[in-house]
Structure formats: C-alpha cells, structure tokens
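Enquirer:
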Amino acid sequence: MVSVTVEFLGGLDVIVNKQRIHQVQIDEEGVDMKRLISYIADQMITNKNDVEVFLEDGSVRPGILTLINDTDWELEGGEGYLLEDKDVISFTSTLHGG
Amino acid sequence: MGQISKRRSSVSFDYSAMSFTPPSDPVNRKSEIKVSQLCELCHCRKALLRRPKNLQKVCKLCFFHVFETEIHNTIVSNKLFHRGEKVAVGASGGKDSTVLAYILKLLNERHDYGIEIILLSIDEGIIGYRDDSLATVKRNQVQYNLPLEIVSYRDLYNWTMDEIVACAGVRNSCTYCGVFRRQALDRGAAKLGIAHVVTGHNADDMAETVLMNIFRGDVARLEKSTAIITQSTGSPIKRSKPFKYSYQKEIVLYAHYKKLDYFSTECSYAPEAFRGTARELMKNLEMQRPSCILDIIHSGENLVLKPKRQKKISPSEVMEVRSDGAVSLGRPSKFVDGNTCERCGYLSSNKICKACILLEGLERNRAKMTLDTDTSTGGAARLTRELERLTF
Ligand SMILES: [Zn+2]
Ligand SMILES: [Zn+2]
Chain A
1 MVSVTVEFLG GLDVIVNKQR IHQVQIDEEG VDMKRLISYI ADQMITNKND
51 VEVFLEDGSV RPGILTLIND TDWELEGGEG YLLEDKDVIS FTSTLHGG
Chain B
1001 MGQISKRRSS VSFDYSAMSF TPPSDPVNRK SEIKVSQLCE LCHCRKALLR
1051 RPKNLQKVCK LCFFHVFETE IHNTIVSNKL FHRGEKVAVG ASGGKDSTVL
1101 AYILKLLNER HDYGIEIILL SIDEGIIGYR DDSLATVKRN QVQYNLPLEI
1151 VSYRDLYNWT MDEIVACAGV RNSCTYCGVF RRQALDRGAA KLGIAHVVTG
1201 HNADDMAETV LMNIFRGDVA RLEKSTAIIT QSTGSPIKRS KPFKYSYQKE
1251 IVLYAHYKKL DYFSTECSYA PEAFRGTARE LMKNLEMQRP SCILDIIHSG
1301 ENLVLKPKRQ KKISPSEVME VRSDGAVSLG RPSKFVDGNT CERCGYLSSN
1351 KICKACILLE GLERNRAKMT LDTDTSTGGA ARLTRELERL TF
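Heads up: the protein sequence lines correspond to chains A and B, in order. If you're matching positions, the first sequence starts at 1 in the numbering used here and goes up one per residue. If you're matching positions, the second sequence starts at 1001 in the numbering used here and goes up one per residue.
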C-alpha cells in the first residue's frame, strides 16, 4: 500500500474535477509510476473523453511535465519509479496559452 | 470609436480573488544521493531537471542562475533596452508573460537596466475567460509591485470578443482576436506614452511559427518571425521578445519552482485547435531531439532570400520590407514594414489595415443582425465553454 500526493497543474486540473491537489492511496504492493498513471486514467479522470488529454499511446502525453518530488521523472527512472509514501507527483500542462 | 478609458487598478483590490494554490513542496528528501544524480554545474546538489537545449542535468539553484543569466545575455547582446526606457509587458496572466514580468523586474534590479516596467493587459471581453485571467494579472500587480494598465476591445474597437463571436462565429474568432490584440497592445502602449512592448513569445512559439511559415512558403513572414525586435516605420512602438531562446518547458519549470501565480485555461474560443497541429509536431520532435527547437529557430534565422530587386541598403542594421515585398539586406535583428492605414492611421502593409477591414465586415453584419447584446455577451462565451468542456 502506498499513499502519495498527486497534483494536476497548468490547467490540467480540468480533467480531475478542477481540483489541483489529490491525496491518492493505492492498496497494492510495488506501485510504480506506470501503475499510478493507469490508476489516474481509470479512477480519477471523471470524463473518459479527457483521458486522451492526459495520455497518448498509453503514456503521459508530450507537453505534460511530470515531476517526482520536484525532479523531472526522466531522472528518476520514469515509468519504472517505485512510489514511496508521501511522494509528491505533479503533472503540469505546458501547452496552455502564454 | 469610443474614448480609451484608462483603468489604473488600485492596490486595494479584492483580496478574496487571491485564489492561487501553489504547488506542494516535496517532503521526501533522499538522504543518499548517487554521484550520477549530482548537478553537472555545481557538483554538490541533486539535479532536478535535464535542460532540453543541451541535456545538462542541473539542480534548482543552478537552473535559476543559468535561466536568468541566459535571458540577461539575450537582452544585453541584442541591446533590447536603454536606460530610462518605459517598457510595457504584454501581460495576459498566462505562464509566459507572468514569468517575463517576474524576470524582467528581477533582472532590472540585479543588473540595473534603469527601465520602468508596466504591466499592460488587454481585456478582449470574453466573459469567464478574460475575467479570470485579468484577476491573475491583478494579483501579479500586487505580487511584483508593478503598475497595471488595462485596455479593452470595447474601448478600442467598440466590440467585445463575445459580440464578435456572436456576429462572425466561433470559427473565425482567432483571426479577429489575433489582429485586434496585436493592435490593442500597440495602441494601449501609445496611449500611455510607452514606446516599447515586450511579449512572452518563447522558443517553442517561434520554432512553431518558423515551421508554419516554411510549410506555407511565406518568406516575408519567415524572416519577420525570427527577429527579436520588430518595429514598423513611422510607428513609435517597438516590440521585442526576450524569451526568444527560452524553452517553454523551462519557463513552466521556472514558474513551478518559483511558485509563480499564473492562469492556465484555454481561451473559450480556441480550444486546442489554435496552432494545434504544428504544436503537436513540435512536441513530438522535441521528444526525439530536444535541441530541435533551437535548431529550427537557427534555420529560420538563416533562411534569408536574395532581394528581388536591388534597393538601397539602409545604413543601419535594420532590415526593411517594403510594401512590394522587396527586402533590403542586413542582419534581421529588426523588421520594418511600410505604410499606415488610410482609415485609422495605424501601421499597415496595405492601404487599409486588417483590423479596419475586419471591423467593416462586422459593422455590415451588425446592421443586418438584430443583436441582443445582453445575451450575446454572456451567452456565446458560456455556451462555447460548456461545449468545450463536454468534448475537451
Ligand atoms: Zn547545481
Ligand atoms: Zn486601420
């Protein structure tokens, strides 16, 4: 079981009830980012049409910045990163108007 | 056309509009950091990001330093400012202009440019979109302690965007808004006696524009699109883009780490569609090779066609494009184009400027239509927004 904070920033909150900060608990062992992403797509995105705003070909859409404890997830092992309690995961859209 | 009513917002605005929720600070700090995880600049802190332009891994503090310093270098090497200059930041409340206002204020203090910075916002009159983003700009005004001026489409053109959409349809809204906004910033600045407008256009925007102009074979625009300073002859207003070489990803990261308060919702009338395809292409290219954004800008800068006819070369390093399309040689650090509009006196490459042509069409339609202004202002935008939400 793991309990983390998940944030949807840069306008991405529209796909999760317009709420920027979520506390997420997943009752499984060895939850990695790949699992968290599928959990978000299945359990958190209210309107299924919005899934494609978040995902492309099963992974986070280019143009969305993914941070694990403020570190670019590419430097933390990307989808293979194993979540720890109290981790802060943020997804920020970089595409919205400047 | 109505008088421009300047609204100088007072500092004592409604603090209940302070609805900004900053991103959370991480609580999990790794006690052990591998050497391979260290910042490649200071070699003592954990790297948080990989810079897209050179793939360098850097920590937060080094990132702030290099990001700010590169923008300072761009400003200095292109001589963007001079001491005593009044500079208006075209402030939309979005990430780019918010970061721009923050950084210009910071650099102005750090390096003593001696410029006076003013936030200049355009109120297009889009209920539910612009009200929210203007609220963000008003918070920025307080957060950064900068004066704010708001100029509205209603003041300038006697039309709000909501009315324009009700009249001309959603499909054309970006055309209208683009033309009107460009003029609105210049006109607003002129009204305030400011000769320099800086905008938050970043490297991604510029590379995208270069791509679009290459696809369209639009040579004149291609050269103009990579100029860091643009100014039209006879115009008192100079435009510049200090973020010309700044990656969107880094601008967003900077705003994130600095917890800057910006507004991020799609314009009600331009859901994704606007520039969508070129942007998607850029993002996919960037995934393969992050430096491609700067590479494309570099290509754009060097794609200069020979002039059709040899004209007198201007002695300054200003590049001139005349109404017949002839281009004089010179480094494309500045872009100048000819005439002024016969109708409104605003600069235009044609006899009548685009805004006046659009306005004429609108007026003709307004005469035909029986417009119930009250429902159109609220109704059109709201309806579009609802529709957009359904199909986002
Ligand atoms: Zn460092
Ligand atoms: Zn005109």
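Where a beta carbon is used, it is the ideal one built from N, C-alpha and C, also for glycine.
Could you check whether the segment 1235-1244 of chain B touches the segment 1072-1084 of chain B, counting it as contact only if at least three pairs of C-beta atoms, one from each stretch, sit closer than 8 Å?
Expert: Judged by Cβ distances under 8 Å, the segment 1235-1244 of chain B makes contact with the segment 1072-1084 of chain B, as three or more pairs qualify.
Enquirer: Would residue 12 of chain A and residue 66 of chain A be called neighbours here (beta carbons separated by less than 8 Å)?
Expert: Contact flag unset, no.
Enquirer: For the segment 26-60 of chain A, which residues have a beta carbon sitting closer than 7 Å to at least one beta carbon of chain B?
Expert: Against chain B - using a Cβ distance shorter than 7 Å - the residues of the segment 26-60 of chain A are 49, 50, 53.
Enquirer: Which word fits residue 1252 of chain B, buried or exposed, when buried means at least 16 other C-beta atoms lie within 10 angstroms of its C-beta?
Expert: Label assigned to residue 1252 of chain B: buried.
Enquirer: Strictly under 8 Å for the Cβ-Cβ distance: is residue 1141 of chain B near chain A by that measure?
Expert: No, residue 1141 of chain B lies away from the interface with chain A (no Cβ there is under 8 Å from its Cβ).
Enquirer: Here's the rule: buried if 16 or more other CB atoms are within 10 angstroms of the residue's CB, otherwise exposed. What is residue 1351 of chain B?
Expert: With fewer than 16 other Cβ atoms within 10 Å, it is exposed.
Enquirer: Buried or exposed: which applies to residue 1034 of chain B, given that a residue is buried once 16 or more other Cβ atoms fall within 10 Å of its Cβ?
Expert: It is exposed - the Cβ of residue 1034 of chain B has fewer than 16 other Cβ atoms within 10 Å.
Enquirer: At a CB distance below 9 Å, what residues from the segment 82-96 of chain A approach chain C? Give them in sequence order.
Expert: Absent from the structure is chain C; the protein chains it does hold are A and B.
Enquirer: Any Cβ of chain A within less than 8 Å of the Cβ of residue 1080 of chain B?
Expert: Residue 1080 of chain B does not count as touching chain A.
Enquirer: With DSSP as the reference, identify every bridge partner of residue 22 of chain A, one or two as the case may be.
Expert: For residue 22 of chain A, which the question treats as bridged, DSSP gives the partners A:6.
Enquirer: Cβ atoms of residue 1122 of chain B and residue 1192 of chain B: under 8 Å apart, would you say?
Expert: No. Outside cutoff.
Enquirer: Counting by C-beta, which residues lie closer than 5 Å to a heavy atom of ligand 2, in chain order?
Expert: Listed along the chain, these residues meet the criterion: B:1341, B:1343, B:1344, B:1346, B:1353, B:1356.
Enquirer: Check the Cβ-Cβ distances between residue 79 of chain A and every residue of chain B, and say whether any is below 8 Å.
Expert: So, not an interface residue.
Enquirer: Judging by CA-CA distance, which residue of B:1197, B:1280, B:1264 is the nearest neighbour of residue 1209 of chain B?
Expert: Comparing Cα-Cα distances from residue 1209 of chain B to each of B:1197, B:1280, B:1264, the minimum goes to B:1280.
Enquirer: Count the other CB atoms, across all protein chains shown, that sit within 10 Å of the CB of residue 1112 of chain B; report buried if there are 16 or more and exposed otherwise.
Expert: It counts as exposed.
Enquirer: Which same chain residues, not among the five before or five after residue 1342 of chain B, have their C-beta less than 8 Å away from its C-beta?
Expert: Contacts found: 1351, 1352.
Enquirer: For ligand 1, is there any heavy atom lying closer than 7 Å to the beta carbon of residue 948 of chain B?
Expert: Here chain B comprises residues numbered 1001 to 1392, so residue 948 of chain B is not present and cannot be evaluated.
Enquirer: Tell me, which residues are paired with residue 1196 of chain B by DSSP?
Expert: Answer by DSSP bridge pairing, in chain order: B:1087, B:1238.
Enquirer: When the Cα atoms are used, what is the spatial distance from residue 1238 of chain B to residue 1085 of chain B?
Expert: Straight-line Cα distance between these residues: approximately 11 Å.
Enquirer: For the alpha helix (DSSP H) containing residue 1099 of chain B, name the first residue and the last one.
Expert: Residue 1099 of chain B -> alpha helix (DSSP H) spans 1095-1111.
Enquirer: Over the uninterrupted alpha helix (DSSP H) stretch that includes residue 53 of chain A, give me the two end residues.
Expert: Here the alpha helix (DSSP H) through residue 53 of chain A covers 51-54.
Enquirer: Is residue 71 of chain A close to chain B, meaning its C-beta is less than 8 Å from at least one C-beta of that chain?
Expert: Interface residue, yes.
Enquirer: Is it the case that the CB of residue 1177 of chain B approaches a heavy atom of ligand 1 more closely than 7 Å?
Expert: No, the Cβ of residue 1177 of chain B stays beyond 7 Å of every heavy atom of ligand 1.
Enquirer: For residue 1212 of chain B and chain A, any beta-carbon pair shorter than 8 Å?
Expert: No, no contact with chain A.
Enquirer: Quick one: give me the first and last residue of the alpha helix (DSSP H) that residue 1155 of chain B is part of.
Expert: Element bounds for residue 1155 of chain B: 1153-1157.
Enquirer: Can you check whether the C-beta of residue 5 of chain A is within less than 8 Å of a C-beta belonging to chain B?
Expert: Cβ-Cβ to chain B under 8 Å: yes for residue 5 of chain A.
Enquirer: For a quick check, are the C-beta atoms of residue 1152 of chain B and residue 1125 of chain B less than 8 Å apart?
Expert: Cβ distance < 8 Å, so residue 1152 of chain B and residue 1125 of chain B count as in contact.
Enquirer: Could you tell me the distance, in whole angstroms, from the CA atom of residue 1146 of chain B to the CA atom of residue 1290 of chain B?
Expert: Distance between the alpha carbons of residue 1146 of chain B and residue 1290 of chain B: 35 Å.
Enquirer: So, at 8 Å on beta carbons, what are the nonlocal neighbours of residue 71 of chain A in its own chain, with the 5 sequence-adjacent residues on each side left out?
Expert: None.
Enquirer: Who are residue 72 of chain A's beta bridge partners in DSSP?
Expert: Looking at the DSSP assignment, residue 72 of chain A forms a beta bridge with A:67.
Enquirer: Within the same chain, show all residues whose beta-carbon is closer than 8 Å to that of residue 1203 of chain B, passing over the 5 residues directly before and after it, in chain order.
Expert: So the list reads 1243, 1244, 1245, 1246, 1247, 1248, 1293, 1294, 1297, once near-sequence residues are dropped.
Enquirer: Can you give me the C-alpha to C-alpha distance between residue 1164 of chain B and residue 1256 of chain B, rounded to a whole angstrom?
Expert: Whole-angstrom Cα-Cα distance: 35 Å.
Enquirer: If you run the structure through DSSP and keep just helix, strand and coil, what is residue 1261 of chain B?
Expert: Residue 1261 of chain B: coil per DSSP, three-state reduction.
Enquirer: Can you find a CB in chain A that lies within less than 8 Å of the CB of residue 1319 of chain B?
Expert: Residue placement at residue 1319 of chain B cannot be trusted, given a pLDDT of 43 that sits under 50; what the coordinates show is reported in the next sentence. Cβ-Cβ to chain A under 8 Å: no for residue 1319 of chain B.
Enquirer: Looking at residue 1050 of chain B and ligand 1, is the gap between the Cβ and the nearest heavy atom below 7 Å?
Expert: Residue 1050 of chain B: no, Cβ never under 7 Å from ligand 1.
Enquirer: Quick check on DSSP: helix, strand or coil for residue 1146 of chain B?
Expert: Correct three-state label for residue 1146 of chain B: coil.
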